[in-house]
Structures are given as C-alpha cells and as structure tokens.
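Just add 274 to wherever you are in the sequence shown, counting from 1, and you've got my numbering.
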Amino acid sequence: MAQFDVASLSTHERSAFITALVAPRPIAFVSTLSASGVGNLSPFSFFMAAGYSPLSVAFAPVRSRDGREKDTLRNVRATGDYVINIATYDLVARLNQSSYTYPAEVDEFDAAGFTRAPSLRVRPPRVAEAVAALECRLFQVVEHGNGGASASYVIGEVVHIHVRDDVLVDGIPDNRRIEHVARLGANAFARITPATLFDLARPTEP
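Quick look at the structure:
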C-alpha cells in the first residue's frame, strides 16, 4: 500500500484525499440570515446527524485558504438559528450554483433560483423546493485549527421538521422516495435511487 505522511501533504492534497476517502457525504443545504436580515443559502458536505435527545446535527464550514469565514458561519454566530434543507437530485444543479462565492450582500435564494418558504420556529426561510427541512438552533461552534482551511463544527439542535407528504410512508420519511444526492471527491456526486439501496438488518445474536 502507498503511504502518505499528512504533514508532507499540501492543503489541496489533503482535501483531495479526505473527500475521496470519506464518501459519500450527505449535503447540508443551509439557509441563514445575517444580523441585518440579508439571506444566505449554501451547501456543505461535511455534515452529520448526531444524537436523538436532543435531536442534533452538525456541519463544518471550512475557512477559505486566506482564512476568511463563510457567510453562513458568520450568520449562525450572529443570530443563533438556521435551516438545513435536504439536498436531492432534482435540486443539484441550482444547489451547486449556490456554492459560488457570491458577495455577502447577494442572497443565493435569488442568485440560484430558489423559492423562500416560511419557517415556524426560526427566522431564516427554508427552501420551498426541498422535500424536507430541519429548523435548527445553535448549540455550540467548536473551532479546530485556525487560519486557512481550518474547520468550525456547528452543532445544532433540531427544533422543527418539515417533510413533504409524498416522501412519507406510515408517517416516516422513506429513503426510496427521497432521491438524496451526496458528495464524493473532486467534482463527483452520487445519486441515491431505489435500485442502489439494499436492506440489512442488525444482528440479533452473536
């Protein structure tokens, strides 16, 4: 096997290795508002579900190489709330467009052609076209490193869930009806379809 000392890798090489190997990754399509009410909508593929009590999720915006924070992170710090819209295949082209580095005064809802829908318990709007959305309140931001390409882990509590009726089966979201998309390395995405899914029950004995 080839061996790679992380200390000898460039930032670009580290990114290439970790995004290709830790894959596929779900996409948090995060909508926020600045303290002055300017909207922002951006995708993040460093995203995970966490505990159930409280129901929690985490995503990790990575600073630009010159050390600048993402607008999403600044907005979450300023207001304490945000929405994670669920990324699906039908949204992927516009979602990808929203990842462009627009100026802070540009709202990606408008730039990428999404429709705002009201949230119930947080201020930022959700994406009307999304099959589901998680309204979140900030619990904690954990910094790891500093300067360019360092991460901030945004841990939030889910306070309200929106789910489109047609993806529910017996009141629960069904993955076979959602058609998630996920990120891999470089420019690769994965499309989750019923044909790619399989069931595997947890073991019930040693």
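C-beta: ideal position from N, C-alpha, C; glycine also.
>> In this structure, how does DSSP classify Arg288 when only helix, strand and coil are distinguished?
In response: helix
> Which residues does DSSP pair with Tyr502 in a beta bridge?
Replying inline: In this structure the chain extends from 275 to 480, so residue 502 is not present and cannot be described.
> For the alpha helix (DSSP H) that contains Leu369, what are its first and last residues?
Replying inline: Val366 to Ser372
>> Between which residues of its own chain and Ala334 is the CB-CB distance below 6 Å, once the five residues before and five after are set aside?
In response: Phe320, Ala425 and Tyr427
>> To the nearest angstrom, how far is the alpha carbon of Ala332 from that of His434?
In response: 16 Å
> Between which two residues does the alpha helix (DSSP H) containing Phe383 stretch?
Replying inline: Glu382 to Ala385
>> For the beta strand (DSSP E) containing Arg337, name the first residue and the last one.
In response: For Arg337, there is no enclosing beta strand (DSSP E), as DSSP marks it with neither H nor E.
>> For a test of the three-state rule: what should DSSP assign to Leu474, helix, strand or coil?
In response: coil
> When the Cα atoms are used, what is the spatial distance from Gln414 to Val401?
Replying inline: 24 Å
> Taking the continuous beta strand (DSSP E) assigned at Ala323, which residues delimit it?
Replying inline: Phe321 to Tyr326
>> Assuming contact is defined by CB atoms lying nearer than 9 Å, are Ile301 and Arg457 in contact in what I supplied?
In response: yes
>> Please tell me whether Gly313 and Pro377 are closer than 9 Å, where the distance is taken between their beta carbons.
In response: no
> With a CB to CB cut of under 7 Å and the five nearest residues on each side skipped, what residues in its chain are close to Asp355?
Replying inline: Val396, Arg397, Pro398, Cys410, Arg411 and Leu412
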